[in-house]
Amino acid sequence: EAQVTQNPRYLITVTGKKLTVTCSQNMNHEYMSWYRQDPGLGLRQIYYSMNVEVTDKGDVPEGYKVSRKEKRNFPLILESPSPNQTSLYFCASTSQGPRNTGELFFGEGSRLTVL
Amino acid sequence: GDSVTQMEGPVTLSEEAFLTINCTYTATGYPSLFWYVQYPGEGLQLLLKATKADDKGSNKGFEATYRKETTSFHLEKGSVQVSDSAVYFCALSGGATNKLIFGTGTLLAVQP
Chain C
251 EAQVTQNPRY LITVTGKKLT VTCSQNMNHE YMSWYRQDPG LGLRQIYYSM
301 NVEVTDKGDV PEGYKVSRKE KRNFPLILES PSPNQTSLYF CASTSQGPRN
351 TGELFFGEGS RLTVL
Chain Z
5 GDSVTQMEGP VTLSEEAFLT INCTYTATGY PSLFWYVQYP GEGLQLLLKA
55 TKADDKGSNK GFEATYRKET TSFHLEKGSV QVSDSAVYFC ALSGGATNKL
105 IFGTGTLLAV QP
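So the sequence lines, in the order shown, correspond to chains C and Z.
Residue 251 is where the first sequence starts when you use the working numbering, and the numbers rise one by one after that.
Residue 5 is where the second sequence starts when you use the working numbering, and the numbers rise one by one after that.
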């Protein structure tokens with residue numbers, strides 16, 4: 251089954267404790283991206299990656315890091331989480347080039363609470 | 005910059021009522037337009053899309069027409085069901101980065 255898988259789905263942590271949210275897709279997509287969803291703000295892009303070893307900032311990258319060492323994986327790293335990073339996070343992917351339909355395929359989301 | 009504005013929710017309707025969720029956009033160039041739906045506890049999934057002016061996207065009884073003259077992409081359904089209860093996001097995409105710009109989302113609650 252084609253899917254984007256995120257882990258963990260739910261996490262409660264404390265300020266300053268490094269954490270990683272993993273994202274993996276099995277569709278051989280070149281493009282991957284992270285969004286955060288907050289009430290009244292919709293979804294905002296954090297980082298994106300056009301292909302392996304190619305990453306770039308989105309609209310709200312502060313406090314986050316990403317890496318793209320393999321095509322299927324795109325982890326989101328919070329080096330020192332703060333309460334304003336409490337949010338619902340979504341990973342998404344799509345193909346590039348001629349196969350691209352414009353549609354993003356989303357994971358089920360990771361709800362993060364930073365105390 | 006590019007942006008999407010959609011109507012505030014929540015929208016509460018009775019089953020079989022007519023649904024309209026308004027969406028307008030601001031963009032340079034000619035973006036593609038999308039409606040995504042988020043059911044409770046799930047990720048977003050594409051509902052329908054339109055890639056050029058006057059295109060009509062449709063799926064599961066929902067429709068939206070790309071209106072360049074009014075920069076709008078309103079979502080409509082003739083007869084909603086309880087199972088349509090979800091959050092609906094209007095979005096646009098343009099340029100080479102595949103970035104989607106989302107509206108704030110509209111919660112639809114359909115009562116039996």
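By construction, the Cβ of each residue, glycine as well, lies at the ideal position given by its N, Cα and C atoms.
Within 10 angstroms of the Cβ of residue 96 of chain Z, are there 16 or more other Cβ atoms? Answer buried if so, exposed if not.
So residue 96 of chain Z ends up on the buried side.
Taking 8 Å as the threshold (beta carbon to beta carbon), is residue 328 of chain C in contact with chain Z?
Closer than 8 Å: no.
According to DSSP, residue 292 of chain C sits in a beta bridge with which residue or residues?
According to DSSP, residue 292 of chain C shares a beta bridge with C/288.
List the residues of chain C whose Cβ lies closer than 9 Å to the Cβ of residue 104 of chain Z, in chain order.
For residue 104 of chain Z, the neighbours in chain C by C-beta distance under 9 Å run, in chain order, 283, 285, 293, 295, 342, 352 and 354.
Any residues in the segment 34-68 of chain Z with a beta carbon nearer than 9 Å to a beta carbon of chain C? Which ones, in chain order?
Within the segment 34-68 of chain Z, the qualifying residues are 36, 38, 40, 42, 45, 46, 47, 48, 49, 50, 53 and 55.
Bridge-paired residues (DSSP) for residue 271 of chain C
Partner residues in the beta bridge of residue 271 of chain C, as assigned by DSSP, are C/326.
Short of 7 Å Cβ to Cβ, which residues in the segment 71-97 of chain Z face chain C?
Answer set for the segment 71-97 of chain Z: 93 and 97.
Three-pair Cβ contact test at 8 Å for the segment 258-266 of chain C versus the segment 315-323 of chain C:
Cβ pair count under 8 Å is below three, so no.
Do you know whose CA, among Z/19, Z/64 and Z/102, lies nearest residue 79 of chain Z's CA?
Ranked by Cα distance from residue 79 of chain Z, the options Z/19, Z/64 and Z/102 are led by Z/64.
Once the 5 residues before and after residue 55 of chain Z are set aside, which same chain residues still bring their CB inside 6 Å of it?
The answer, listed in chain order, is 36.
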